[in-house]
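J.: Using UniProt numbering, read the sequence shown as starting at 1 and increasing by one per residue. Built from N, CA and C at the ideal position, the CB exists for glycine as well. Below is the structure I would like to discuss, written out as structure tokens.
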Amino acid sequence: MATTAATTPAPATTTPAVTATSVIDAGSALTPTETAKRLAGYHVLHDQGFSFLADNAYIRSGYRVNYSALHCVQSLFELHNETWNVWTHIVGSLIFACLLVGVFSMDYPLGASTAQVVTPNVLYMQGGRHTLQFFERNIASTALFTKEHTSYYTVDTQYQETVVRRMHVASEILGHTIAQIPSLQRFHQLLESHAGDVSHLLSEQMESLYHELTVLHARLHRGSAAPSANATTPDALVKWVYSYNQIHRMETQLRQRINAFTSFLRQLDTPKAYPSVQYVLKEFHSLADSVSNGLQVISELHPSALASSVVGMWPIAVFITSAVVCLTMSSVYHLLFVQSARASLVLSQMDYAGIILMIAGSFFPVIYYSFYCHQWALNAYLGIVSLLAVGSFAASLVPAFGKYPSVRSAVFLSMGFFGVVPIVHLVYEFGLMDPHVQIMLKPLMLMAALYVLGAAIYGSRFPERFYPGHFDVWFSSHQLWHICVVLAALVHYMNAMQHYEWRWQTGCRA
Numbered sequence: 001m002a003t004t005a006a007t008t009p010a011p012a013t014t015t016p017a018v019t020a021t022s023v024i025d026a027g028s029a030l031t032p033t034e035t036a037k038r039l040a041g042y043h044v045l046h047d048q049g050f051s052f053l054a055d056n057a058y059i060r061s062g063y064r065v066n067y068s069a070l071h072c073v074q075s076l077f078e079l080h081n082e083t084w085n086v087w088t089h090i091v092g093s094l095i096f097a098c099l100l101v102g103v104f105s106m107d108y109p110l111g112a113s114t115a116q117v118v119t120p121n122v123l124y125m126q127g128g129r130h131t132l133q134f135f136e137r138n139i140a141s142t143a144l145f146t147k148e149h150t151s152y153y154t155v156d157t158q159y160q161e162t163v164v165r166r167m168h169v170a171s172e173i174l175g176h177t178i179a180q181i182p183s184l185q186r187f188h189q190l191l192e193s194h195a196g197d198v199s200h201l202l203s204e205q206m207e208s209l210y211h212e213l214t215v216l217h218a219r220l221h222r223g224s225a226a227p228s229a230n231a232t233t234p235d236a237l238v239k240w241v242y243s244y245n246q247i248h249r250m251e252t253q254l255r256q257r258i259n260a261f262t263s264f265l266r267q268l269d270t271p272k273a274y275p276s277v278q279y280v281l282k283e284f285h286s287l288a289d290s291v292s293n294g295l296q297v298i299s300e301l302h303p304s305a306l307a308s309s310v311v312g313m314w315p316i317a318v319f320i321t322s323a324v325v326c327l328t329m330s331s332v333y334h335l336l337f338v339q340s341a342r343a344s345l346v347l348s349q350m351d352y353a354g355i356i357l358m359i360a361g362s363f364f365p366v367i368y369y370s371f372y373c374h375q376w377a378l379n380a381y382l383g384i385v386s387l388l389a390v391g392s393f394a395a396s397l398v399p400a401f402g403k404y405p406s407v408r409s410a411v412f413l414s415m416g417f418f419g420v421v422p423i424v425h426l427v428y429e430f431g432l433m434d435p436h437v438q439i440m441l442k443p444l445m446l447m448a449a450l451y452v453l454g455a456a457i458y459g460s461r462f463p464e465r466f467y468p469g470h471f472d473v474w475f476s477s478h479q480l481w482h483i484c485v486v487l488a489a490l491v492h493y494m495n496a497m498q499h500y501e502w503r504w505q506t507g508c509r510a
């Protein structure tokens, strides 16, 4: 991370202790005409025009002077007081780059105990929510087979086998029921002689029922056939889920008809109205009950159980990318800034921009998965974060941003403290102990503690403040701060993955 170029007041004049790292101070007594690259001591930086390097008076040696860009790159493999400032963030950047590759390689989550096949391009999300009614609406649409959507769902083959068995049972029950309908024709003649109006109405009901039962039975028979049920290719599974969704919709419509038919029979089934035919009507009651049993077999498993929603991982990718950029920019700054005061200014602005990007990127997983089911809040918070990032980035290009630590701190703190707003919103909306809050509260507290610890170490110049010259190369406060930043980012990544898994399993209320 970049630091202010202001010189820390030097402590009382003392004789530096001779340490293992003091050997890199050789040649530090420069003359004005010397231009060869070398490692200099702190006490000559101001006299030789390198005051922009004099950031920490407790780091007494190992300052790179007269280094060209090529020399700086070569110094990546040399020991000086920026070596581990560079490498701590290079390693961190490589770690997050690997995590980014991992995220893109696991686009579709797979179950640990259940074979799942992931099928793309099925959209059943509206307003940021995957719901049962939106599933039914969209899976039956032509959007099912388009290539322009980025939503995904998984087809669980365990549920597929269950549905196949249920469809087979329902097919047998309804097939038996359909075979009974012609035998009831004789009762129409009996009803005609006793209650002509009832016979006419009942005949119309039975014709419609027979037609719908025949269509549903045919679909159930095809759906429970072995070749379609055992299909495992994505296209075949899409069509199979589409077919079952149609069956489920037909079952819903047919159940409404059966309920209406049963109510009609109950109105007729009164001894006072038709005392001579009430026992005949019981046969039709039996038929309605048989149809209801067949429908009940397939109604208990909704099509959405076959195709659970897959929540996007792009917010995690945004965060990881921001971490890679931030850590890379920091490494570049610490490696190259010693070339000149101008290079130090430009590279520090790049470093600050990387920090701003990482702060903004850290918000994306938290906000997206927390407000996944509340589209207005999701859009509002991500919009505000984006605006703050753009404003902060613009501020980082102003010279005063690097010159005055108070301005820089105000910008960083304004972005950081904004994170309290969505958390308070979640607590107000769901309560402190709700999973929406608990899933991220402790990890966020740990992440914040690491950032605060790193900032406190860096701000206090611990441990070099107490042992000047002893931590010039190893374990200086800046290096420890870098380590805390990487650890905090890793904590945030792990929490983002847990948050993602929780949201994927929880879904949204219909």
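1) Ignore the nearest five residues each way along the sequence and tell me which others in Leu45's own chain have a CB closer than 7 Å to its CB.
2) What residue does the alpha helix (DSSP H) around Ala456 start on, and which one ends it?
3) Beta-carbon within less than 7 Å of Gln479's beta-carbon, same chain only, minus the 5 sequence neighbours each way: which residues are those?
4) Taking the beta carbon of Phe261 as the centre, do at least 16 other beta carbons fall within 10 Å, making it buried, or is it exposed?
5) Please identify the residue among Val332, Ile359, Met358, Leu357 whose C-alpha is closest to the C-alpha of Val346.
6) Could you have a look at Leu209 and say whether DSSP puts it in helix, strand or coil?
7) Can you tell me which of the three DSSP states Arg60 falls into?
8) Is Arg166 buried or exposed, if buried means 16 or more other CB atoms sit within 10 Å of its CB?
9) Please name the residue, chosen from Phe475, Ser362, Phe393, that lies closest to Asn495 on a Cα-to-Cα basis.
10) Helix, strand or coil: how does DSSP classify Val390 here?
11) Quick one: Cα of Val280 to Cα of His211, how far?
12) Out of curiosity, what's the CA-to-CA distance linking Met440 and Phe371?
13) So Ile359 and Phe412 are supposed to be a Cβ contact under 8 Å. How far apart are they, rounded?
14) What are the boundary residues of the beta strand (DSSP E) that includes Leu45?
15) Comparing C-alpha positions only, which one of Ala69, Ile258, Ser171, Ser396 sits nearest to Ser208?
16) Report yes if the CB atom of Tyr58 is closer than 8 Å to the CB atom of Gln339, and no otherwise.
17) Would you list the residues sitting across from Ala341 in a DSSP beta bridge?
18) For the structure I just gave you, are there three or more beta carbon pairs, one from the segment 435-455 and one from the segment 373-386, closer than 8 Å?
19) What does the alpha-carbon distance come out to for the pair Ile355 and Ala69?
20) So is Ala410 buried or exposed if we call it buried at 16+ other beta carbons inside 10 Å?
21) Select from Ile367, Phe466, Val407 the residue whose C-alpha is nearest the C-alpha of Val424.
22) Counting C-beta neighbours from all protein chains within 10 Å, is the total for Pro365 16 or more, i.e. buried, or is it exposed?
23) Compare the Cα-Cα distances from Asn81 to each of Leu487, His499, Ser476, Trp481 and report the closest residue.
24) For Ser297 versus Trp504, is the C-beta spacing smaller than 8 Å?
25) Below 8 Å on the Cβ atoms is my guess for Met313 versus Met329; work out the distance and round it to an integer in Å.
26) Note down the Cα distance separating His482 from Glu429, rounded to an integer number of angstroms.
27) Would you mind stating whether His499 and Tyr369 have Cβ atoms separated by less than 8 Å?
28) DSSP three-state call for Arg465: helix, strand or coil?
29) Out of Phe264, Ala36, Ser61, Ile384, which has the shortest C-alpha to C-alpha gap to Trp474?
30) The beta strand (DSSP E) that contains Leu39, what's its start and end?
31) With distances taken from CA atoms, which of Arg255, Val318, Leu327 is nearest Val103?
32) What's the gap between the Cα of Met497 and the Cα of Asp434?
33) Specify the secondary structure class of Gln126 as computed by DSSP and reduced to three states.
34) One question on the structure: do Phe393 and Ala341 come within less than 8 Å of each other, judged by their Cβ atoms?
35) Using only alpha-carbon positions, find the residue among His168, Ser203, Phe264 that is nearest to Ala218.
T.: Let me spell this out:
1) Taking the first residue of the sequence shown as 1, we reach residue 45 at position 45. Excluding residues within five positions, the ones whose Cβ falls inside 7 Å are Ser51, Leu53, Ala54, Tyr63.
2) Against the sequence shown, residue 456 aligns to sequence position 456. Ala456 -> alpha helix (DSSP H) spans 435-460.
3) Here residue 479 refers to the residue found at position 479 of the sequence shown. Closer than 7 Å at Cβ, skipping near neighbours: Trp84, Asn85, Thr88.
4) Position 261 of the sequence shown holds residue 261. Label assigned to Phe261: buried.
5) Here residue 346 refers to the residue found at position 346 when the sequence shown is read from its first residue. Of the listed residues, the one whose Cα sits closest to Val346 is Val332.
6) Mapped onto the sequence shown, residue 209 falls at position 209. Reduced to three states, the DSSP call for Leu209 is helix.
7) Here residue 60 refers to the residue found at position 60 of the sequence shown. Three-state result, Arg60: coil.
8) As a working mapping, residue 166 is identified with position 166 in the sequence shown. Buried.
9) Looking up residue 495 in the sequence shown gives position 495. When each option's Cα is compared against that of Asn495, the closest is Ser362.
10) The sequence position of residue 390 within the sequence shown is 390, counting from 1. Of the three classes helix, strand and coil, the one that applies to Val390 here is helix, per DSSP.
11) Position 280 of the sequence shown, counted from the start, is the residue given in the question as residue 280. Position 211 of the sequence shown, counted from the start, is the residue given in the question as residue 211. If I take the Cα positions, the gap works out to 22 Å.
12) As a working note, residue 440 is residue 440 in the sequence shown. As a working note, residue 371 is residue 371 in the sequence shown. Roughly 13 Å separates the two Cα atoms.
13) Against the sequence shown, residue 359 aligns to sequence position 359. Against the sequence shown, residue 412 aligns to sequence position 412. That pair is a contact at about 7 Å.
14) The residue labelled residue 45 in the question sits at position 45 within the sequence shown. Where Leu45 is concerned, there is no enclosing beta strand (DSSP E), given that its DSSP letter is neither H nor E.
15) Reading the sequence shown from its first residue, position 208 is the one you call residue 208. Checked all of Ala69, Ile258, Ser171, Ser396; the closest Cα to Ser208 is Ile258.
16) One-based indexing of the sequence shown puts residue 58 at position 58. One-based indexing of the sequence shown puts residue 339 at position 339. Not a contact, by the Cβ cut-off of 8 Å.
17) Your numbering for residue 341 matches position 341 in the sequence shown. Answer is none; Ala341 lacks a bridge partner.
18) no
19) On the sequence shown, position 355 is the one that residue 355 refers to. On the sequence shown, position 69 is the one that residue 69 refers to. When rounded, the distance between both Cα atoms is 23 Å.
20) The residue labelled residue 410 in the question sits at position 410 within the sequence shown. Classification of Ala410: exposed, given that the 10 Å Cβ count is below 16.
21) Here residue 424 is taken as the residue at index 424 of the sequence shown, counted from 1. Ranking Ile367, Phe466, Val407 by Cα distance to Val424 puts Ile367 first.
22) Along the sequence shown, one-based indexing puts residue 365 at 365. Flag for Pro365 reads buried.
23) The residue given as residue 81 occupies position 81 in the sequence shown. Of Leu487, His499, Ser476, Trp481, the residue nearest in Cα terms is Ser476.
24) Position 297 of the sequence shown holds residue 297. Position 504 of the sequence shown holds residue 504. The displayed chain sequence assigns Val, not Ser, to residue 297. Contact flag unset, no.
25) Start at 1 with the first residue of the sequence shown, and residue 313 comes out as number 313. Start at 1 with the first residue of the sequence shown, and residue 329 comes out as number 329. Actually they are not in contact, since the Cβ atoms of Met313 and Met329 sit about 24 Å apart, beyond 8 Å.
26) Mapped onto the sequence shown, residue 482 falls at position 482. Mapped onto the sequence shown, residue 429 falls at position 429. In a straight line, the C-alpha of His482 is about 36 Å away from that of Glu429.
27) Start at 1 with the first residue of the sequence shown, and residue 499 comes out as number 499. Start at 1 with the first residue of the sequence shown, and residue 369 comes out as number 369. Yes.
28) Against the sequence shown, residue 465 aligns to sequence position 465. In the structure shown, Arg465 sits in coil (DSSP, three-state: anything other than H, G, I, E or B).
29) The count along the sequence shown starts at 1 and reaches residue 474 at position 474. For the residues Phe264, Ala36, Ser61, Ile384, the minimum Cα distance to Trp474 belongs to Ser61.
30) Reading the sequence shown from its first residue, position 39 is the one you call residue 39. It spans 38-40 - the beta strand (DSSP E) in which Leu39 sits, taken as one unbroken run.
31) Against the sequence shown, residue 103 aligns to sequence position 103. With distances taken between Cα atoms, Val103 lies closest to Val318.
32) Locating residue 497 in the sequence shown gives position 497, counting from the first residue. Locating residue 434 in the sequence shown gives position 434, counting from the first residue. Each residue's alpha carbon lies about 18 Å from the other.
33) Residue numbering aside, residue 126 sits at position 126 when the sequence shown is read from its first letter. At Gln126, the pLDDT of 38 sits below 50, so the modelled position is not reliable; the number obtained from the coordinates is stated separately. DSSP places Gln126 in strand when its eight states are reduced to three.
34) Within the sequence shown, the letter at position 393 stands for residue 393. Within the sequence shown, the letter at position 341 stands for residue 341. Going by C-beta atoms, Phe393 is not nearer than 8 Å to Ala341.
35) Taking the first residue of the sequence shown as 1, we reach residue 218 at position 218. Measuring from the Cα of Ala218, the nearest candidate turns out to be His168.
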